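Using our numbering, the first residue of the sequence shown is number 133, and each one after it goes up by one.
Virtual Cβ for every residue (Gly too), placed ideally from N, Cα, C.
Bear in mind the structure is a predicted one, so any value in this text is a computation, not a measurement.
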Amino acid sequence: MAIIRQLQDNPETEENERRIFGKALMLAIAYSASIGGIATLIGTPPNLVLAGIVQEIYGIEITFSKWIVIGLPISAVLLVACWIYLTRVAFTFQQESFPGGKAEIDRQLVALGKISFEEKAVLLVFVATALAWISRSFLLNKWVPELDDTIIAIIAGVLLFLLPAGRGQKRKLIKWKEAVELPWGVLLLFGGGLALAEGFKTSGLAGWIGEQLTLLEGVSIGLLLLILVAGVNFLTEITSNLATTAMILPILAPLAAIIDVHPFVLMVGATLAASCAFMLPVATPPNAVVFGSGYLKIPDMVRTGFWLNVISIAVVSLVVYFLLPYLWTFDPNGYPANLK
């Protein structure tokens, strides 16, 4: 925002260039936040919904390291595609560089000052937590078999309440008054998704819905995956990505059994597609944030986001179809007997 304002105030910047660069920068922030969240299990809520529902229905744990081997490649490819699309296709910049841009960035860095003690402490807790999540399945569980991602997160949270905010200070890194301001609605919606999955399973509703979709039995896995990814992607444009995954994942599990395909193909594809909605503010939190900045109008987001949606549908479908079975070592052509 500061960079955009600096460009607007600079007489050397052309009028149209200020407006174009402002839109491009805001969209880049939103798109990169959504795409980057795909890379890790905790990067975006739909990933956690998938992990919870798979654990609830099949008793299979999707670990941090297991997810990153599929999420990171997709995130990397989409980030490169997004950069090329925004800078070469969606927007045309007349100036090769923006006057005063580097100086403004340097000024903002100086204004931040040196990293403080509490910032170092929070960074240390964050890095330790991330490393524990990544290494738990193949390293930490050898020493502590019962350790899981939830316990690691709880330990990290407790440390924030125990570590001082500075040398000799009584105040801790976080107080309860600050903790209660967390967005608990997201956690409630996440829990509601797990409850919905269990309700679908125990009531038989999921099985009934799956039986009504038997007409898909003759469709090839590749075409079915493409239809699913595209459908979830555009459905997420009018509902939040968290609500979409919480609603659709419990249905995909019995559907996979009915049409005899591995459930991970459908469920992972739908989860990834829900994080690749770039057209409307309601689709993802990053979209809503940049729309609220005032630099964008809905037609701008729809026009630019549509083609990025198409690109992401193609990338997700190809990676899930060809790469996911290899990386997670399963046969996509058939529903596993141990999951029935």
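For residue i, which residues from the same chain have a beta carbon less than 7 Å from its beta carbon, with the 5 sequence-adjacent residues on both sides left out?
i, result
"Leu204", "Ala171"
"Pro431", "none"
"Leu440", "Tyr163, Cys214, Tyr217, Phe410"
"Phe270", "Ser197"
"Val254", "Leu305"
"Pro464", "Ile353, Val393, His394, Val397, Pro457"
"Phe293", "Lys304, Ile306"
"Leu459", "Val201, Ile202"
"Phe438", "Met411"
Is the shortest distance between the beta-carbon of residue i and the beta-carbons of chain D less than 8 Å?
i, result
"Pro417", "No chain D is present in this structure, which holds just one protein chain."
Between the Cα of residue i and the Cα atoms of the options, which residue gives the shortest distance?
i, options, result
"Gly424", "Gly298, Ser197, Ala235, Leu159", "Leu159"
"Ile283", "Arg268, Ser449, Val434, Thr368", "Arg268"
"Ile353", "Leu157, Ile370, His394, Ala222", "His394"
"Leu256", "Asp281, Leu291, Ala327, Ile286", "Leu291"
"Asp281", "Ile194, Leu459, Ile200", "Ile194"
"Leu314", "Glu251, Gly289, Gly363", "Gly289"
"Ile286", "Ala260, Leu459, Trp275", "Ala260"
"Trp199", "Ala469, Ala311, Val452", "Val452"
"Val361", "Ala311, Ile443, Phe258", "Ile443"
"Met379", "Ala469, Phe332, Asp238", "Phe332"
Tell me where the alpha helix (DSSP H) around residue i begins and ends.
i, result
"Pro464", "Pro464 -> no alpha helix (DSSP H), and no H or E assigned at all."
"Asn117", "Any property of residue 117 remains undetermined from this structure, which presents the chain solely from 133 to 472."
"Pro418", "417 to 423"
"Cys408", "Counting along the chain, Cys408 falls outside any alpha helix (DSSP H), and DSSP gives it neither H nor E."
"Gly363", "353 to 367"
"Pro392", "Going by the sequence as given, residue 392 is Asp instead of Pro. Run containing Asp392: none; DSSP gives neither H nor E here."
"Gln187", "177 to 190"
"Phe258", "249 to 267"
"Leu210", "196 to 216"
"Glu310", "308 to 311"
"Thr282", "281 to 294"
"Leu456", "456 to 459"
Using C-beta distances below 8 Å, list every residue in its chain close to residue i, excluding the 5 sequence neighbours before and after it, in chain order.
i, result
"Pro143", "Legend: pLDDT at Pro143 = 49, less than 50; position of this residue unreliable, value from coordinates given subsequently. The answer is none, since no qualifying residue turns up."
"Asn373", "Thr176, Pro177, Pro178, Ala406, Ser407, Ala409, Ala415, Thr416"
"Thr219", "Ala156, Phe225"
"Ile152", "Phe223, Thr224, Phe225"
"Lys302", "Pro296"
"Pro468", "His394, Phe462"
Taking C-beta to C-beta, are residue i and residue j nearer than 8 Å?
i, j, result
"Lys307", "Leu295", "no"
"Val209", "Val400", "no"
"Lys472", "Ala389", "yes"
"Ile493", "Ala405", "Any question about residue 493 goes unanswered here, given that the chain covers just 133 to 472."
"Ile298", "Phe249", "With the sequence shown as reference, residue 298 is identified as Gly, and Ile is not the correct amino acid for it. Result yes, Cβ atoms of Gly298 and Phe249 sit closer than 8 Å."
"Leu455", "Ile266", "no"
"Gly336", "Asp392", "no"
"Pro382", "Ile161", "no"
"Phe384", "Leu367", "Inspection of the sequence shows that residue 384 is occupied by Leu rather than by Phe. No, they are not a contact pair."
"Ala264", "Leu272", "yes"
With a threshold of 6 Å on Cβ separation, who are the neighbours of residue i within its own chain once the five nearest residues in sequence on each side are excluded?
i, result
"Pro413", "Asn419, Ala420, Phe423"
"Thr176", "Gly169, Ser407"
"Val480", "There is no way to answer for residue 480, as the model of the chain reaches only from 133 to 472."
"Val434", "Met411"
"Ala375", "none"
"Ala311", "none"
Quick one: measure Cβ to Cβ for residue i and residue j, integer angstroms, because I've assumed they're closer than 8 Å.
i, j, result
"Thr436", "Ala222", "5 Å"
"Ala402", "Val364", "5 Å"
"Leu97", "Ser449", "As shown, the chain starts at 133 and ends at 472. That puts residue 97 outside it, with no answer to give."
"Thr377", "Leu182", "7 Å"
"Gly191", "Tyr427", "Not quite, the Cβ-Cβ distance comes to about 47 Å (not below 8 Å), so this is no contact."
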